[in-house]
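Worksheet: one structure, shown below.
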Amino acid sequence: MSVRKIRGIVIREQVSGESGKQLVVLAKGAGKLRLSARGAKNAKSKLLAGTQLFAYCDFTLFEGKGFLSVTQADLLESFYGLRTDVEVLSEAVYLAELVEKTCPEGMEQDDILLLLLYTLQWMAKGYIPPRLAGRIFEIKYLLMSGLFAGAECAVCQREEEPMYFSSREGAFLCGRHKDENSVMLLPAVQEAIFHVLSKEGQKIFAFRLSEEALNQLDGIMEQYLRVHVGVSLKSRHFLD
3 MSVRKIRGIV IREQVSGESG KQLVVLAKGA GKLRLSARGA KNAKSKLLAG TQLFAYCDFT
63 LFEGKGFLSV TQADLLESFY GLRTDVEVLS EAVYLAELVE KTCPEGMEQD DILLLLLYTL
123 QWMAKGYIPP RLAGRIFEIK YLLMSGLFAG AECAVCQREE EPMYFSSREG AFLCGRHKDE
183 NSVMLLPAVQ EAIFHVLSKE GQKIFAFRLS EEALNQLDGI MEQYLRVHVG VSLKSRHFLD
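Per our numbering, residue 3 is the first one in the sequence shown, and the count goes up by one each step.
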């Protein structure tokens with residue numbers, strides 16, 4: 003039994019008993035961790051603020067045999083702005099659920115933690131439309147997870163204009179290898195995907211899309227996730 007300190011973001015909270023919570027935290031140097039927080043639901047609990055969804059905290063943990071219990075949560079950022087707009091909140095909830103459902107446990111995920119931190123900050127401060135932030139996150143998250151090789155043709159690996167996306171294959175294809183299920187990428191969408199793949203840090207957010215282009219990117223990424231990750235989360239369509 004020992005004391006352990008971590009820094010991370012709460013990506014899931016669940017009621018446990020009358021006053022406790024079970025948390026999933028994406029932590030620096032540790033990846034995805036499951037924690038218990040006794041009494042965290044109590045109005046006077048010192049753990050109340052730091053155990054809410056999206057809370058970015060320095061956690062002090064008691065490590066027992068087979069469990070980690072939160073004894074202190076020093077709040078670094080609450081992302082209050084996420085809760086002032088239902089569209090922003092629903093997108094943030096979806097991103098947290100996507101990471102919680104698909105990020106493996108037991109391995110460091112510091113790049114993904116930083117990506118999530120930046121995305122929540124940009125949405126909370128209103129710097130970027132939430133739906134665009136979500137699609138940018140998906141592209142970069144899949145790339146970091148080894149599930150997004152690029153936007154070149156899946157058959158010949160050429161990068162051409164225009165490129166196509168096959169909904170059946172969940173793949174990008176050039177004009178020579180497109181199939182009957184392929185749709186031509188709008189130039190802005192193709193440019194946006196290459197931008198996110200090639201940039202690092204907060205530079206990935208430095209563009210905007212028209213409604214038409216965003217709708218196409220949204221549909222492409224939904225199909226890509228379904229084919230390559232095997233997930234279709236209801237929270238992605240909460241507002242619908």
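The beta carbon of each residue, even a glycine, is placed where N, CA and C say it ideally should be. Predicted model, so just to flag it, every value in this text is computed and none were measured.
Per DSSP, the bridge partner or partners of R14: By 1-based counting over the sequence shown, the position of residue 14 is 12. V26.
Beta-carbon gap between L28 and G10 smaller than 7 Å: As a first step, residue 28 must be located in the sequence shown, where it is residue number 26. As a first step, residue 10 must be located in the sequence shown, where it is residue number 8. Less than 7 Å divides the Cβ of L28 from the Cβ of G10.
Meets three-Cβ-pair contact criterion under 8 Å: the region 60-70 and the region 142-154: The way I'd put it, the region 60-70 doesn't touch the region 142-154; fewer than three beta-carbon pairs between them come closer than 8 Å.
Segment limits, alpha helix (DSSP H) that includes L187: Translated into positions along the sequence shown, residue 187 becomes position 185. No alpha helix (DSSP H) holds L187; DSSP gives it neither H nor E.
Assigned exposure category for K23 - 16 Cβ within 10 Å defines buried: Taking the sequence shown and counting its residues from 1, the one referred to as residue 23 is at position 21. So K23 counts as buried.
Inter-residue CB distance, Q54 and Y120 (contact presumed, cutoff 8 Å): As a working mapping, residue 54 is identified with position 52 in the sequence shown. As a working mapping, residue 120 is identified with position 118 in the sequence shown. About 20 Å separates the two Cβ atoms, so there is no contact after all.
Buried versus exposed call for Q111 [16 or more other C-beta atoms within 10 Å across all chains shown]: Residue mapping note: residue 111 aligns to position 109 of the sequence shown, counting from 1. Q111 comes out buried.
Bridge partner(s) assigned by DSSP for L77: If you number the sequence shown from 1, residue 77 lands on position 75. Note: L77 is bridge-paired with C59 in the DSSP secondary-structure output.
S237 versus L100 - alpha carbon distance: Position 235 of the sequence shown, counted from the start, is the residue given in the question as residue 237. Position 98 of the sequence shown, counted from the start, is the residue given in the question as residue 100. Near 9 Å, if we compare the C-alpha coordinates of L100 and S237.
Any 3 or more C-beta pairs closer than 8 Å across the region 88-107 and the region 162-172: No: the two stretches stay apart, fewer than three of their Cβ pairs being nearer than 8 Å.
Inter-stretch contact (C-beta, 8 Å, three-pair minimum) for the region 225-240 and the region 195-202: The region 225-240 is not in contact with the region 195-202.
Alpha carbon of Y226 to alpha carbon of A173, nearest angstrom: The sequence position of residue 226 within the sequence shown is 224, counting from 1. The sequence position of residue 173 within the sequence shown is 171, counting from 1. For the pair Y226 and A173, the Cα-to-Cα distance works out to about 7 Å.
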